[in-house]
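**Student:** Quick one: this structure, given as structure tokens, is what I'll be asking you about.
Below, the structure written as structure tokens:
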């Protein structure tokens, strides 16, 4: 922030400090008084830059307030007072995103725009409200019940507690603060692009229904907030829920207009949807992971045998107590390995369950394989003395090194085998009309000991809403290059060679929440491995684009994501859409509890 303030002639500084999980992971510590609630790096940047911000009259908007934007705003206002800047800088904060108490209530809001039901919130990617997340209250406890998995029936255990529930606010609160004289505006959970949208909205004085320029600001905001990732095509959200405007990107184009400068055009705007995203985190249970290596000849057979042995020693009754139990194969040994490292791959066992005891059965099963014949009967379980002891768990697992498969080994550090709590993520929708977004302007005293006052200004709501239409998802027509015919085309007569997909296209991952996406786009210059020139060949790009469209179908993405197993298990739902103007396509995969639950240990 200090570099931005000092090295450039800027009017606004915007900042996005929040990933999906930032608020949730600090919520418990904040409630216990062990975390300030806001992002420490946001405070550091403001503290270092305050004098420059005041001298250059820069306006600042950021979401680093996280769980407690008021606390950060009051601290910044106090620093401004101590520096003698209270008459120069006006500090404000935004509230209205924290909906945990309302979500935990027995009745949820309903609106004319979208019926949400009384006890169920629909999933962001699920139109059927009954297939969403239910909220139950029992014995004074409120928590989440996965209606999609449990049929909306409470089990015998207490519902998992909800840790946080924050709506994605738009730019209205920040805009309201700017219009009432604020210089520094600190928000909690606003959409990533909202600070930029608010800055542009305030600067140009747009009306509420100036949807085309607002849509342009929305896209610019996503490009700016991702910083250097802008060159990786990070933003391709063709149907994201923005609180202020919908951006239509089917005709988007990017043209280089100078050194380090591009023009983004072709963006249209429409009225915003009646709902906004609501990020709900709750205690999902416990998780663990165990890593093993197979090396040498027959590694596939070794993996299959190892999984069969572990499952046999686990027993069906123990397996049924697990929510997730996967054997993941990571990496492929070299075809002609030159040493042990190049002939080694990983097997990762991933487990999730409601209790630590259920997960410890995995460690016991692995331990029981040691020094036993493959066809031996299931051995009595070896019970550790302390379920939470990493030393005990490591002792159980290390004995796998005596397994009869040659080339099978593992690290002595087995801390990840110890069950630990994890947070589950549920992306819901919430009616915008039920939000109470408010800008609070802090009036700091000019001297220590004076009275601090706050003036509040409701941000209001969009004047009209327009529901989102059906999201498009389609495959492209086969390219002439890949079809067969009685009279082969000129391209079919040319010799072919095998190259890497990355020599033609690049990719960038997007949202890491319960619906994640990857944008795949044609390179602007040829890959060094396929061409000696680095100049743009438009005709070549067009041929590559036609090939990419037909090659990367939804079925091909299924194969890359795990093939038939992933499809049968319902782990992913794949959607595909194209942006012809920038020769890019976007793949969206929807994962029920979030990417963290499936891919992190």
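In UniProt numbering, the protein residues as written are 1 to 601. C-beta: ideal position from N, C-alpha, C; glycine also. Quick caveat: nothing in here was measured; it's all calculated off a predicted structure.
(1) Between the alpha carbons of residue 58 and residue 182, how many angstroms are there, rounded?
(2) Let's see if you can read the secondary structure: which residues bound the beta strand (DSSP E) around residue 62?
(3) Start and end of the beta strand (DSSP E) containing residue 166?
(4) Thinking C-alpha only, which one of 422, 211, 584 and 220 is nearest residue 464?
(5) Could you tell me the boundaries of the alpha helix (DSSP H) in which residue 1 lies?
(6) Could you compute how far the alpha carbon of residue 503 sits from the alpha carbon of residue 324?
(7) Going straight from the alpha carbon of residue 16 to that of residue 193, what length do you get?
(8) Indicate whether the contact test is met: 3 or more Cβ pairs, each with one atom in the segment 302–318 and one in the segment 254–261, closer than 8 Å.
(9) Looking at residue 505: is its Cβ nearer than 8 Å to the Cβ of residue 561?
(10) What residue range is occupied by the uninterrupted alpha helix (DSSP H) comprising residue 314?
(11) How big is the Cα-Cα spacing for residue 263 and residue 582?
(12) Going by the beta-carbon positions, is the gap between residue 603 and residue 519 smaller than 8 Å?
(13) So what's residue 185 in DSSP terms, helix, strand or just coil?
(14) Within the continuous alpha helix (DSSP H) that includes residue 407, where are the two ends?
(15) Does the distance between the C-beta of residue 205 and the nearest non-hydrogen atom of the ligand ZN fall short of 7 Å?
(16) Look at the Cβ atom of residue 185, then the Cβ atom of residue 221, and state whether they are nearer than 8 Å.
(17) How is residue 48 classed by DSSP in three states: helix, strand or coil?
(18) To the nearest angstrom, how far is the alpha carbon of residue 290 from that of residue 348?
(19) So, are the CB atoms of residue 82 and residue 36 less than 8 Å apart?
(20) Per DSSP, what kind of secondary structure is residue 394 in: helix, strand or coil?
(21) Would you call the CB atoms of residue 214 and residue 206 closer than 8 Å?
(22) Given a cut-off of 8 Å on the beta-carbon distance, is the pair residue 29 and residue 64 in contact?
(23) Using only the alpha-carbon positions, how far apart do residue 407 and residue 328 sit?
(24) Expressed to the nearest angstrom, what Euclidean distance is found between the alpha-carbon atoms of residue 260 and residue 433?
(25) For residue 205, does the three-state DSSP call read helix, strand or coil?
(26) Can you check whether the CB of residue 417 is closer than 8 Å to the CB of residue 288?
(27) I believe residue 332 touches residue 312 by the beta-carbon criterion, under 8 Å. Please report the beta-carbon distance rounded to the nearest angstrom.
(28) Going by Cα to Cα distance, which pick from 364, 578, 440 and 270 is closest to residue 468?
(29) With DSSP as the reference, label residue 89 as helix, strand or coil.
(30) Determine the DSSP secondary structure at residue 9, reduced to helix, strand or coil.
(31) Pull up the distance between the alpha-carbon of residue 2 and that of residue 48, whole angstroms please.
**Tutor:** If we stick to the structure as given:
(1) Numbered from its first residue, the chain shown carries residue 58 at position 58. Numbered from its first residue, the chain shown carries residue 182 at position 182. Whole-angstrom Cα-Cα distance: 11 Å.
(2) To locate residue 62, count along the chain shown from 1; it is residue 62. Taken as a continuous stretch (DSSP letters only), the beta strand (DSSP E) holding residue 62 covers 59–62.
(3) The sequence position of residue 166 within the chain shown is 166, counting from 1. Note, residue 166: beta strand (DSSP E), 162–167.
(4) Walking along the chain shown from the start, residue 464 turns up at place 464. It is 211.
(5) Sequence index remark: in the chain shown, residue 1 carries index 1 (1-based). Note, residue 1: premise wrong, no alpha helix (DSSP H); not H, not E.
(6) Position 503 of the chain shown, counting from 1, holds the residue named residue 503. Position 324 of the chain shown, counting from 1, holds the residue named residue 324. Roughly 36 Å separates the two Cα atoms.
(7) Your numbering for residue 16 matches position 16 in the chain shown. Your numbering for residue 193 matches position 193 in the chain shown. Computed Cα separation, rounded: 8 Å.
(8) no
(9) Counting from one through the chain shown, the residue named residue 505 turns up at place 505. Counting from one through the chain shown, the residue named residue 561 turns up at place 561. Their beta carbons are not under 8 Å apart, which means residue 505 does not touch residue 561 by this criterion.
(10) Taking the first residue of the chain shown as position 1, residue 314 is located at position 314. 299–314 is the span of the alpha helix (DSSP H), which, as asked, contains residue 314.
(11) Start at 1 with the first residue of the chain shown, and residue 263 comes out as number 263. Start at 1 with the first residue of the chain shown, and residue 582 comes out as number 582. The C-alpha of residue 263 lies about 12 Å from the C-alpha of residue 582.
(12) The structure shown has nothing for residue 603, since the chain only spans 1 to 601.
(13) Taking the chain shown and counting its residues from 1, one reaches residue 185 at position 185. Strand at residue 185.
(14) If you number the chain shown from 1, residue 407 lands on position 407. From DSSP, residue 407 is part of no alpha helix (DSSP H); its letter is neither H nor E.
(15) The ligand ZN is not part of this structure, which contains no ligands at all.
(16) On the chain shown, position 185 is the one that residue 185 refers to. On the chain shown, position 221 is the one that residue 221 refers to. No, Cβ-Cβ distance for residue 185 and residue 221 is not below 8 Å.
(17) Residue numbering aside, residue 48 sits at position 48 when the chain shown is read from its first letter. In this structure, residue 48 counts as helix in the three-state DSSP scheme.
(18) Translated into the one-based positions of the chain shown, residue 290 becomes position 290. Translated into the one-based positions of the chain shown, residue 348 becomes position 348. So the alpha carbons of these two residues sit roughly 6 Å apart.
(19) Taking the first residue of the chain shown as 1, we reach residue 82 at position 82. Taking the first residue of the chain shown as 1, we reach residue 36 at position 36. Going by C-beta atoms, residue 82 is not nearer than 8 Å to residue 36.
(20) Looking up residue 394 in the chain shown gives position 394. With a pLDDT of 45 at residue 394, under the threshold of 50, the modelled position of that residue is not reliable, and no figure is offered here.
(21) Against the chain shown, residue 214 aligns to sequence position 214. Against the chain shown, residue 206 aligns to sequence position 206. Yes. Within cutoff.
(22) Counting from one through the chain shown, the residue named residue 29 turns up at place 29. Counting from one through the chain shown, the residue named residue 64 turns up at place 64. Not in contact: residue 29 and residue 64 (Cβ atoms no closer than 8 Å).
(23) Reading the chain shown from its first residue, position 407 is the one you call residue 407. Reading the chain shown from its first residue, position 328 is the one you call residue 328. Taking C-alpha positions only, residue 407 is separated from residue 328 by approximately 18 Å.
(24) The sequence position of residue 260 within the chain shown is 260, counting from 1. The sequence position of residue 433 within the chain shown is 433, counting from 1. Taking the straight line joining both Cα atoms gives about 41 Å.
(25) Start at 1 with the first residue of the chain shown, and residue 205 comes out as number 205. Reduced to three states, the DSSP call for residue 205 is coil.
(26) Position 288 of the chain shown holds residue 288. Position 417 of the chain shown holds residue 417. Cβ distance < 8 Å, so residue 288 and residue 417 count as in contact.
(27) On the chain shown, residue 332 is found 332 positions in, with the first residue counted as 1. On the chain shown, residue 312 is found 312 positions in, with the first residue counted as 1. So it is not a contact: roughly 26 Å between Cβ atoms.
(28) Sequence index remark: in the chain shown, residue 468 carries index 468 (1-based). Checked all of 364, 578, 440 and 270; the closest Cα to residue 468 is 270.
(29) By one-based count along the chain shown, residue 89 stands at place 89. Here residue 89 sits in coil by DSSP.
(30) The residue given as residue 9 occupies position 9 in the chain shown. Coil.
(31) Counting from 1 along the chain shown, the entry for residue 2 is found at position 2. Counting from 1 along the chain shown, the entry for residue 48 is found at position 48. Computed Cα separation, rounded: 6 Å.
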